[in-house]
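Chemist:
In this note's numbering, the protein residues as written are 99 to 723.
(1) Which of the three DSSP states, helix, strand or coil, is assigned to residue 519?
(2) Below 8 Å, how does it come out for the stretch 475-487 and the stretch 510-524: are there three or more Cβ pairs, yes or no?
(3) Rounding to the nearest angstrom, what Cα-Cα distance links residue 569 and residue 594 in this structure?
(4) Would you decide whether residue 700 is buried or exposed? Buried here means 16 or more other CB atoms lie within 10 Å of its CB.
(5) Taking the alpha carbon of residue 550 as the reference point, which residue from 589, 702 and 510 has its own alpha carbon closest?
(6) Please work out which residues of its chain come closer than 6 Å, Cβ to Cβ, to residue 319, disregarding the five sequence neighbours upstream and downstream, and give them in chain order.
(7) Express the C-alpha separation of residue 555 and residue 493 in angstroms, rounding to a whole number.
(8) Kindly list the residues whose CB is nearer than 7 Å to the CB of residue 525, restricted to its own chain and excluding five residues on each side of it in sequence; keep chain order.
(9) Using the three-state DSSP reduction, which class does residue 485 fall into: helix, strand or coil?
(10) Report, in whole angstroms, the separation of the C-beta atoms of residue 600 and residue 651, which I expect to be a contact under 8 Å.
(11) Cβ atoms of residue 282 and residue 334: under 9 Å apart, would you say?
(12) Secondary structure at residue 334, three-state DSSP: helix, strand or coil?
(13) So which of 346, 307 and 316 has the shortest CA-CA distance to residue 328?
(14) How is residue 384 classed by DSSP in three states: helix, strand or coil?
(15) So does the stretch 579-593 actually touch the stretch 497-515, counting three or more Cβ pairs closer than 8 Å?
(16) Below 7 Å CB to CB, which residues in the same chain sit around residue 232 once its five sequence neighbours on both sides are set aside?
(17) Quick one: what does DSSP say residue 193 is sitting in, helix, strand or coil?
(18) Report the rounded CA-to-CA distance for residue 227 versus residue 238, giving the unit in angstroms.
(19) Just how far apart, CA to CA, sit residue 653 and residue 606?
(20) Determine the extent of the beta strand (DSSP E) in which residue 183 is found, giving its start and end residues.
(21) Using a Cβ-Cβ cut-off of 6 Å (strictly less than) and excluding sequence neighbours within five positions of residue 191, which residues of its own chain qualify?
(22) Counting C-beta neighbours from all protein chains within 10 Å, is the total for residue 567 16 or more, i.e. buried, or is it exposed?
(23) Under 6 Å Cβ to Cβ from residue 491, same chain only, skipping five residues before and after it: list those, please.
(24) To test your reading of the DSSP string, which unbroken alpha helix (DSSP H) runs of 4 or more residues are found completely within the stretch 211-239?
(25) Helix, strand or coil for residue 448 per DSSP?
(26) Beta-carbon within less than 7 Å of residue 188's beta-carbon, same chain only, minus the 5 sequence neighbours each way: which residues are those?
(27) Which partner residues does residue 594 have in the DSSP bridge list?
(28) Just the C-alpha distance for residue 529 and residue 571, rounded to the nearest angstrom, thanks.
(29) Would you mind giving the Cβ-Cβ distance between residue 161 and residue 110, rounded to the nearest angstrom? I have them listed as a contact below 8 Å.
(30) Any idea what DSSP makes of residue 301, helix, strand or coil?
(31) Would you list the one or two residues that DSSP bridges to residue 151?
(32) Quickly, what does DSSP pair residue 209 with across the bridge? List them, please.
(33) When the Cα atoms are used, what is the spatial distance from residue 132 to residue 255?
(34) Note down the Cα distance separating residue 559 from residue 611, rounded to an integer number of angstroms.
(35) For residue 724 and residue 471, I'd like the C-alpha separation in whole angstroms.
(36) Quick one: Cα of residue 107 to Cα of residue 127, how far?
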């Protein structure tokens, strides 16, 4: 298959080494001039200085990307970025760290992956990638919309955790919803290797450090005193004493947070205003009351108030204060209860009030409909290869719902759709004759009859119609092209277009008779099955063998030539050995003896006349007694 010539207006994905290191990231560029050996390109990124570059034409031809990739999506600088990719039947989070031919090398906690540009779903915040990269997220249980909602929810919680007077938040508090899936405490302490996008240095950092850095540096939260100095300047720059400092805080105060303790007696009396004192009915001054209460406090409480230290047991301090007010100042008990109700709200309670709606990580198990579509792992993997960017990542139910309600002029039987999910031609049951065009009114009439349950995807594939004319074959190939244009990636669309054009060429060459149309259909189904198997192989090996499939639909195909020679031989045999004509009046089950004249009787006439007769009939002596 000849390579397309480079033209003005083509788009390239250039790497830093392609332009002599003048940029630090990959970028998309548009070709503005093509010479014999050199190409001039202009970067499509806005605000980039010196956006015009010259490079070798041979190199530019290797960097060509589809126009939809460079213009349909925002140009992304994938190297050193936190990304979200689809691999096999699950989503994974990691960091793009290098190139390998036309693929990107993605680092994850499960290992390094080599993925194509099509497998990149989106870029994510580095903290989200580190936090969710500890496992794969199955696409069936975690479709793209649900995982996007989880990302948004975690980012919203980060903003709330940086509010003032809240204390130091922790990773288990942030990822509490994921506790059923992993040990969050161990995850927070685990060391993660991450490359700083700015400097390119590979550093080890913990999720706890990255979490606090984002909360107080990027989100501009209000940190407790002394915390900013221990966070460093970047997300990956974790100071050496950070872990020891966090461990010490956790040993001293549980989570190390400067939480709001229960109100002590002295703090409560010091905060009383004149209105509170007058409402309590006490005419004495605040100074006199404070001195008397300090003298009346028990020894432990007096030492606690004099040292102005926070009790390590908030519940005991609160009970102590309640007992004192009950015995010595009962008129202040109501004021204390009202004050404590507004000031001693726990951080966890406040966080729950302002936190967005949580996502049910493990929803209640529901009984799956036996008739619902359930794709295998192999089907899911191949389906992701064939689908376009718009439909990639959607669940099987969403795919079926989209096609059954679409306006495509095709008769989508549930049994056909279950095989069309991964283009299962040939031995898997799908045939090109299933794609015959059907009018809108005819579709309505078939739906009104209700002969087929459109929600039962366990039904077998319906029998494929027998094509007897070139017009029927053209309608089928054009229907398949319409489906691919709506749902599939550019490679599959090119294959469908090549098949449609080849069907027109076959009719023009006049090599095949109309009664040999089923043979042509069998070859088309076998070739499309080969294309499907090539896509399954590419999804595992990373090769691109299916890109050559458009060239298979040609008269030079040796398999098609072999079938044509066999068909011509059968024609010659039938011409030289015409079939024997059969009397149409003769029934198939009729015996050979039927239809012949009865045999002549060989008994002599004299003997026959001598036999006794009764009622004009001969008497058979065997039955006489």
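We put the CB at the ideal spot given by N, CA and C, even for glycine.
All values derive from a computational prediction rather than experimental measurement.
Modeler: On the basis of the coordinates in this document:
(1) Here the question's residue 519 lines up with position 421 in the chain shown. Residue 519: coil per DSSP, three-state reduction.
(2) Touching, yes.
(3) Walking along the chain shown from the start, residue 569 turns up at place 471. Walking along the chain shown from the start, residue 594 turns up at place 496. Each residue's alpha carbon lies about 17 Å from the other.
(4) The residue you call residue 700 lines up with position 602 of the chain shown. So residue 700 ends up on the exposed side.
(5) The sequence position of residue 550 within the chain shown is 452, counting from 1. Per the Cα distances, 510.
(6) Taking the chain shown and counting its residues from 1, one reaches residue 319 at position 221. Its chain contains 260 and 313 as the residues whose beta carbon lies nearer than 6 Å to that of residue 319, once the 5 sequence neighbours on both sides are disregarded; these appear in chain order.
(7) Counted from its first residue, the chain shown places residue 493 at position 395. Counted from its first residue, the chain shown places residue 555 at position 457. Roughly 15 Å separates the two Cα atoms.
(8) Stepping through the chain shown from its first residue, residue 525 is reached at position 427. Excluding positions up to five away in sequence, the list reads 627.
(9) Residue numbering aside, residue 485 sits at position 387 when the chain shown is read from its first letter. Residue 485 falls in the strand class under three-state DSSP.
(10) For the purposes of this step, residue 600 is taken as the residue at position 502 of the chain shown. For the purposes of this step, residue 651 is taken as the residue at position 553 of the chain shown. Between the beta-carbon of residue 600 and that of residue 651 there is about 4 Å, and that keeps the pair under the 8 Å contact cut.
(11) Numbered from its first residue, the chain shown carries residue 334 at position 236. Numbered from its first residue, the chain shown carries residue 282 at position 184. Not closer than 9 Å, so no.
(12) Taking the first residue of the chain shown as position 1, residue 334 is located at position 236. It is coil, neither helix nor strand.
(13) Numbered from 1 along the chain shown, position 230 holds the residue referred to as residue 328. It is 307 whose Cα lies nearest to the Cα of residue 328.
(14) Stepping through the chain shown from its first residue, residue 384 is reached at position 286. Unreliable positioning characterises residue 384 in this predicted model, as indicated by a pLDDT of 45, which lies under 50. The coordinate reading is nonetheless provided below. Three-state result, residue 384: helix.
(15) Counting C-beta pairs with one atom in each stretch, the stretch 579-593 and the stretch 497-515 have three or more that are closer than 8 Å, which means they touch.
(16) Taking the first residue of the chain shown as 1, we reach residue 232 at position 134. Contacts found: 207, 280 and 285.
(17) Walking along the chain shown from the start, residue 193 turns up at place 95. Three-state result, residue 193: strand.
(18) Within the chain shown, residue 227 is the residue found at index 129, counting from 1. Within the chain shown, residue 238 is the residue found at index 140, counting from 1. So the two alpha carbons sit approximately 20 Å from each other.
(19) Taking the first residue of the chain shown as 1, we reach residue 653 at position 555. Taking the first residue of the chain shown as 1, we reach residue 606 at position 508. Just so you know, the alpha carbons of residue 653 and residue 606 end up roughly 12 Å apart.
(20) Taking the first residue of the chain shown as 1, we reach residue 183 at position 85. That run of the beta strand (DSSP E) goes 180-185.
(21) As a first step, residue 191 is located in the chain shown; it is residue number 93 there, counting from the start. Cβ neighbours of residue 191 beyond the five flanking positions: 182, 227, 230 and 231.
(22) Here residue 567 refers to the residue found at position 469 of the chain shown. Label assigned to residue 567: exposed.
(23) Indexing the chain shown from 1 puts residue 491 at position 393. Cβ within range, chain order: 242.
(24) The qualifying runs are 224-230.
(25) For this step, residue 448 is matched to residue 350 along the chain shown. At residue 448, the pLDDT of 37 sits below 50, so the modelled position is not reliable and the matter cannot be decided from this model.
(26) As a position in the chain shown, residue 188 is number 90, starting the count at 1. So the qualifying residues of the chain are 234, 235, 236 and 237.
(27) Here residue 594 refers to the residue found at position 496 when the chain shown is read from its first residue. Partner(s): none; residue 594 has no beta bridge.
(28) Numbered from 1 along the chain shown, position 431 holds the residue referred to as residue 529. Numbered from 1 along the chain shown, position 473 holds the residue referred to as residue 571. Looking at the backbone, the Cα of residue 529 and that of residue 571 are separated by about 11 Å.
(29) If you number the chain shown from 1, residue 161 lands on position 63. If you number the chain shown from 1, residue 110 lands on position 12. Confirmed, about 4 Å.
(30) Working through the chain shown from its first residue, we reach residue 301 at position 203. The answer is strand: DSSP assigns residue 301 an E or B state.
(31) On the chain shown, position 53 is the one that residue 151 refers to. DSSP lists 139 as the bridge partner or partners of residue 151.
(32) Here residue 209 refers to the residue found at position 111 of the chain shown. Beta-bridge pairing links residue 209 to 206.
(33) Residue mapping note: residue 132 aligns to position 34 of the chain shown, counting from 1. Residue mapping note: residue 255 aligns to position 157 of the chain shown, counting from 1. Near 51 Å, if we compare the C-alpha coordinates of residue 255 and residue 132.
(34) To locate residue 559, count along the chain shown from 1; it is residue 461. To locate residue 611, count along the chain shown from 1; it is residue 513. Computed Cα separation, rounded: 28 Å.
(35) Past the edges of the chain, shown from 99 to 723, lies residue 724, and the structure says nothing about it.
(36) Residue numbering aside, residue 107 sits at position 9 when the chain shown is read from its first letter. Residue numbering aside, residue 127 sits at position 29 when the chain shown is read from its first letter. Computed Cα separation, rounded: 10 Å.
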